[in-house]
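Trainee: Here the numbering used here runs 43 ahead of the position in the sequence shown, where the first position is 1. Cβ atoms here follow ideal geometry from the backbone N, Cα and C, with glycine treated the same way. Quick caveat, the model's predicted, so the values are computed rather than measured.
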Amino acid sequence: MSTTATASAPAQTEMKKGGARVRVQKFGTFLSSMIMPNIGAFIAWGIITALFIPAGFTPNEKIGSMVGPMVTYLLPLLIAYTGGKLVADVRGGVVGAVGTMGVILATSSPVFIGDAPASPMFLGAMIMGPLSAWVIKKWDQWAVPRIPTGFEMLVNNFSAGIIGAIMAIASMFLLAPIMLLLMAGAGAAVEFLIDSSLLPLASLLIEPAKILFLNNAINHGILTPLGTQQSLEQGYSILYLLEANPGPGLGVLIGYMIFGKGMARGSAPAAAIIHTFGGIHEIYFPYVLMKPQLLIATILGGMSGVLVELLFDAGLRSPAAPGSIIFLISNAPPAQMLGVILGFLAATVVSAAISCAILRMSKSDEGDLAKAAADMEAMKGKKSSVGGMFAAGGAAGAAGASAGSIPEIKAIVFACDAGMGSSAMGASVLRSKIKDAGFGGDVTVVNKAINSLTDEYDLLVSHEDLADRAATPTPSAHHVTVDNFMQSPRYDEIVELIREQRQGGSAGSAEIPAEQGTSGSAAAAGAGAGAAAGTATAVAAPAGSQADPTPASEAAEHQDDQKVLTPQTIRLEGRAASRDEAIDQAGALLVEVGAVEQSYVTAMHEREQSVSTFMGNGLAIPHGTNEAKEAIRTSAMSFIRYDEPVDWNGKETRFVIGIAGADGGHMALLSKIAKIFSKKETIAQLEAAQTPEEILDIFGKVNS
44 MSTTATASAP
54 AQTEMKKGGA
64 RVRVQKFGTF
74 LSSMIMPNIG
84 AFIAWGIITA
94 LFIPAGFTPN
104 EKIGSMVGPM
114 VTYLLPLLIA
124 YTGGKLVADV
134 RGGVVGAVGT
144 MGVILATSSP
154 VFIGDAPASP
164 MFLGAMIMGP
174 LSAWVIKKWD
184 QWAVPRIPTG
194 FEMLVNNFSA
204 GIIGAIMAIA
214 SMFLLAPIML
224 LLMAGAGAAV
234 EFLIDSSLLP
244 LASLLIEPAK
254 ILFLNNAINH
264 GILTPLGTQQ
274 SLEQGYSILY
284 LLEANPGPGL
294 GVLIGYMIFG
304 KGMARGSAPA
314 AAIIHTFGGI
324 HEIYFPYVLM
334 KPQLLIATIL
344 GGMSGVLVEL
354 LFDAGLRSPA
364 APGSIIFLIS
374 NAPPAQMLGV
384 ILGFLAATVV
394 SAAISCAILR
404 MSKSDEGDLA
414 KAAADMEAMK
424 GKKSSVGGMF
434 AAGGAAGAAG
444 ASAGSIPEIK
454 AIVFACDAGM
464 GSSAMGASVL
474 RSKIKDAGFG
484 GDVTVVNKAI
494 NSLTDEYDLL
504 VSHEDLADRA
514 ATPTPSAHHV
524 TVDNFMQSPR
534 YDEIVELIRE
544 QRQGGSAGSA
554 EIPAEQGTSG
564 SAAAAGAGAG
574 AAAGTATAVA
584 APAGSQADPT
594 PASEAAEHQD
604 DQKVLTPQTI
614 RLEGRAASRD
624 EAIDQAGALL
634 VEVGAVEQSY
644 VTAMHEREQS
654 VSTFMGNGLA
664 IPHGTNEAKE
674 AIRTSAMSFI
684 RYDEPVDWNG
694 KETRFVIGIA
704 GADGGHMALL
714 SKIAKIFSKK
724 ETIAQLEAAQ
734 TPEEILDIFG
744 KVNS
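#1: Would you report the Cα separation of T487 and R474, rounded to the nearest angstrom?
#2: In the DSSP assignment, what are the bridge partners of N490?
#3: Within the chosen definition, does the stretch 683–694 reach the stretch 654–664 through at least 3 CB pairs nearer than 8 Å?
#4: Roughly how many whole angstroms lie between the Cα atoms of L350 and Q273?
#5: Chain B beta carbons: is any one of them nearer than 9 Å to that of A213?
#6: Using the Cα positions of G204 and W182, report the straight-line distance between them to the nearest angstrom.
#7: From A731 to I664, what distance separates their C-alpha atoms?
#8: Would you check if the distance between the CB atom of V525 and the CB atom of V504 is smaller than 9 Å?
#9: Which residue wins for smallest C-alpha separation from S310, given the options L296, T319 and G322?
#10: Which one or two residues does DSSP pair with Y685 in a beta bridge?
#11: Which same chain residues, not among the five before or five after S214, have their C-beta less than 6 Å away from its C-beta?
#12: So what does M680 bridge to, in DSSP terms?
#13: Return the residue from the list G290, G126, H522 and L120 that minimises the CA-CA distance to S76.
#14: Whose C-beta lies closer than 7 Å to the C-beta of V639 among residues of the same chain, with five residues either side of it excluded?
#15: Pick out the complete alpha helix (DSSP H) segments inside the stretch 288–320, 4 residues or longer, and give them in chain order.
#16: Which of the three DSSP states, helix, strand or coil, is assigned to E640?
#17: Beta-carbon within less than 8 Å of Q386's beta-carbon, same chain only, minus the 5 sequence neighbours each way: which residues are those?
#18: Applying the criterion that 16 or more other CB atoms from any shown protein chain within 10 Å of the CB defines a buried residue, is E635 buried or exposed?
#19: Do you know how far the Cα of P102 is from the Cα of L94?
#20: Using 10 angstroms around the beta-carbon of R614, count the other beta-carbons present and answer buried if the total reaches 16, otherwise exposed.
#21: Return the CA-CA distance between S471 and L729, expressed in angstroms with no decimal places.
#22: Does DSSP classify R697 as helix, strand or coil?
#23: Would N669 and I726 be called neighbours here (beta carbons separated by less than 9 Å)?
#24: Which residue wins for smallest C-alpha separation from F155, given the options A219, S621 and F482?
#25: Helix or strand or just coil, what does DSSP make of I190?
#26: Given that a residue counts as buried once 16 or more other Cβ atoms are within 10 Å of its Cβ, and exposed if not, what is T593?
#27: Would you call the stretch 359–373 and the stretch 316–324 in contact, with 3 or more CB pairs under 8 Å?
#28: Please classify F355: does DSSP put it in a helix, a strand, or coil?
#29: Using 8 Å as the threshold, is the stretch 114–130 in touch with the stretch 186–199, meaning 3 or more CB pairs across them?
#30: What does the Cβ neighbour count give for E651, buried or exposed, with the cut at 16 atoms within 10 Å?
#31: Tell me which residue opens and which closes the beta strand (DSSP E) that T524 is part of.
#32: Where does A363 sit, in a helix, a strand or coil, going by DSSP?
#33: Output the distance between the C-alpha atoms of H648 and A313, rounded to the nearest integer angstrom.
#34: How many angstroms separate the CA atom of I477 from the CA atom of S642?
#35: Do A520 and Y500 have their CB atoms nearer than 9 Å?
#36: Determine the contact status of T612 and F682, defining contact as a CB-CB distance below 9 Å.
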């Protein structure tokens, strides 16, 4: 898959055209980012409700007493904390949770509502958590530069307490009345649809929204809160099924199995398994995009499923995420299980019948599935976790895009997604090339997290998945995207552009052509592996370079003889059947030496779900999310070499390096890794090494 070279005029025009959709997608993503991390808590609440309330399987008054407080206090506060943390890290999460207490009490306490039933304040939490965090963030931006030395902790703690108290009182008396009206109105509307048997009409909105990736705003912003209210009252809710039913998508895939052609027909069975049992619905989106008429099948299939679910009074105890048929059946009360199964079957049969008819009667040639997958990723705004399976048949390569008038390049920034520092490797490779070309003293190369970018750079390099996000805060910079941070040809083009500018070439006419796809869709090397917030600018100098040491390299050299890579964290005969197993193995080595807590391994998987950590040249560098930094006790790395390559999202991986970086201490070694894996001879040495000590020799004196 080719990449977009720059934010050229056509690209900018296209971005403006899709601006409204992108904004809605971002809004939906933000909503789901508050709900999804807490799905486990919803499930725990559903289990306790199903088992221990008076009407449950094994009634228990003491255990059942948790049901009310969990849905009234715990779940909204978790949502508020998560939303606040998204805006202003832990400090924002704490203030967001405090601010939400006001709206929770005002909608649940008898002091305010008398004998009326309490309303779980999920929507209020989704408003108050981020809003309170935004207020404290703005306060910090103004106050921090003005705090006298020595008074930082005093001011920070009291300001958080004061703002949290003010926001709690404001939410109690200002937001709560509005939320009660909204919840009452939305509940009445849903109740009307259910009583009038009109709920199937919701599929007219939900099924097209899925294809356009707009369903999160509907599902997690409205259906989950209302469904929880309904589940609290009757023990289950049909609203949890409206978007999660895999039947409509399965019907489309069955249609392609019977009447599809070529790659679409051959890939449909595997896609059906992933979709139905794995719950990854987006895998069927390219098949619909290839023939938009199939939206009719998904809409009518969805409506049929909802109608059957209504007739059989079906529902789930808690939200279904992912939308797997296994999850749906296990999450349904026994009395509703038949309705859930029949709703799934009805949606599948109707969608399959209509899909077969459309595909059978269609006289036009079948579309390009790879192109449809690329269109899906374009609409989604980032790479799809399953889109790569369609890329083999897609055409790679694109015409070059003119950079237009490019200012003289003196400051270059690598934008990353606030990970653990592996995008510093890309910066190290480029910095080394610039230095070798003789411009090292004239051009600075740093890496930063996207959320800390400012409009002060001449050139911005980002992974293609992050192009839109990185462009927003840096409108003045010339933007370049890459699909491989380790071996991108774009680096040589940047060096040549700098050379032209310094030696009298016409910078205004210089071009940086689009990078050609190397093997389908390239991995998101450093997209999720950028510098952690707070250490974003701590970029190590290239391996072997003694010039311009940075704070990161200094931190690595002054860790009280701490050893980042040791024989205990090196394995030369690794065996893993899957990417996830390899991540577990790399994380286990870090846990064994006491560098991280077990929760950090879970965070490594979470990072991989958002952006792949495959770097190119057979190397993957799994690491935790930025939020997992509290689970790191000390900087460490693990190294595993696999005799049989591991399938890493379609890429063969021979080397897996797990990272846990505390205070930037791992940055210097990342720079060495970048240099090692950019040369075939050193990769060959790693392949031939027989002992951990040989690996350490190849990496050099990384523990000095």
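Mentor: Straight from the coordinates:
#1: 8 Å
#2: F457
#3: yes
#4: 18 Å
#5: Looking for chain B here will not work: only one protein chain is present.
#6: 13 Å
#7: 20 Å
#8: yes
#9: L296
#10: G617
#11: G142, G145, V146 and M171
#12: I702
#13: G126
#14: L633, A674, I675, R676 and A703
#15: 290–302 and 305–316
#16: coil
#17: According to the sequence shown, residue 386 is Gly rather than Gln. L284, N288, G290, G348, V349, V351, E352, F355 and A357, listed in sequence order.
#18: exposed
#19: 6 Å
#20: buried
#21: 20 Å
#22: strand
#23: no
#24: A219
#25: coil
#26: Reliability fails at T593, whose pLDDT of 39 lies under 50, so the model's placement of it is uncertain and the value that follows must be treated cautiously. T593 is buried by the Cβ-count criterion.
#27: yes
#28: coil
#29: no
#30: buried
#31: H521 to V525
#32: coil
#33: 23 Å
#34: 39 Å
#35: yes
#36: yes
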